[in-house]
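Written out below as structure tokens is the structure these notes cover.
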Amino acid sequence: MKGSARWKRATDDVDGTTWKHFSEALGVTIDPTQAPILAALLERAGEDRSVVSVAKTHWGTKRPYIGKPDAPICEAKSDHLAGNPDYPSGHSAFGMHVAMILAELAPSRADALYARGRDYAESRWVCGSHSVSATEAGMQSGATIYGAEHVSPYFRRDMEAARAELDAILAQGGAKSASPARP
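Under the working numbering, the final residue of the sequence shown carries the number 228; numbering is consecutive throughout.
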């Protein structure tokens, strides 16, 4: 896929902020200072995904490009990347986890958010940085973590506060509309 529009999207998904990656699907561009409760919630959710690193260490699977010097990937081949095991994909866990949180908070945008979460996750195998199975395991990890968070009354409380914050932003059209408003 190197050189394709999908390759470019995968390259763009390597770096950047949650806000950048999900603004189009959410329908607005949000500055985190507009949504401090949501920003804190997503930051803590990142800490919950730390279990993915434990699984990576346990399995220790090499990334698919290692040992294939001509295999293209859409990010720099570094010692850090090579030393970070393939399975499961942390980026893929992030994509699905954030998509599920945002879809619960903005149900009118759920279809677009779920599609973006999957697209973001799949960018990892499109990019050549992860195998398909690592990407799928990352998505399953993100979904499992999301489900486990709902056991916590603190998470549910924070979700309600973030929902009110996001509802107000969506009602105003956010900082800048990411896509045209629909009638």
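Yeah, the Cβ is synthetic: ideal placement off N, Cα and C, and Gly gets one too.
Here the structure is a predicted model, which is why all the values come from computation and not from measurement.
Residue i at chain D interface by Cβ criterion, 8 Å
i, result
"G61", "The structure shown contains no chain D, having only a single protein chain."
Residues near residue i by beta carbon distance below 7 Å, same chain, minus five either side
i, result
"A295", "Residue 295 is absent from the structure shown; the chain starts at 46 and stops at 228."
"P198", "none"
Start and end residues, alpha helix (DSSP H) containing residue i
i, result
"T106", "No alpha helix (DSSP H) holds T106; DSSP gives it neither H nor E."
"M46", "Where M46 is concerned, there is no enclosing alpha helix (DSSP H), given that its DSSP letter is neither H nor E."
"Y132", "Taken as a continuous stretch (DSSP letters only), Y132 belongs to no alpha helix (DSSP H), as it is neither H nor E."
"S182", "The amino acid at residue 182 is misidentified as Ser; the sequence shows Ala. It spans 177-194 - the alpha helix (DSSP H) in which A182 sits, taken as one unbroken run."
"E120", "It is not in any alpha helix (DSSP H) - E120 carries neither H nor E in the DSSP assignment."
"V214", "Rather than Val, the amino acid found at residue 214 in this sequence is Ile. First-last of the alpha helix (DSSP H) with I214: 198-217."
"K65", "63-71"
"G91", "81-93"
"D156", "155-172"
Sub-8 Å separation of residue i and residue j beta-carbons
i, j, result
"I190", "V96", "yes"
"A90", "P133", "no"
"L211", "L86", "no"
"G128", "S98", "no"
"L126", "F67", "no"
Neighbourhood of residue i by C-beta, 6 Å cutoff - its chain only, sequence neighbours within 5 removed
i, result
"G162", "G140, M141, A144"
"G112", "none"
"R154", "L71, G72"
"T62", "none"
"R108", "D131"
Same chain, Cβ closer than 8 Å to residue i, neighbours up to 5 away in sequence not counted
i, result
"E194", "A90, D93, F200"
"S178", "Y132"
"C172", "W52, A55, T56, D58, V59, I118, C119, E120"
"K47", "P117, C119"
"W102", "The sequence shown places Thr at residue 102, not Trp. So the qualifying residues of the chain are P130."
Whole-number beta carbon distance between residue j and residue i, since they are thought to touch under 8 Å
i, j, result
"A70", "A157", "4 Å"
"E149", "M184", "Not a contact, Cβ separation roughly 16 Å."
"T180", "S137", "5 Å"
Hey, is the region 49-58 in contact with the region 155-169, meaning 3+ C-beta pairs nearer than 8 Å? yes
Give a yes or no on contact between the region 56-67 and the region 114-133, applying the rule of three or more CB pairs nearer than 8 Å. yes
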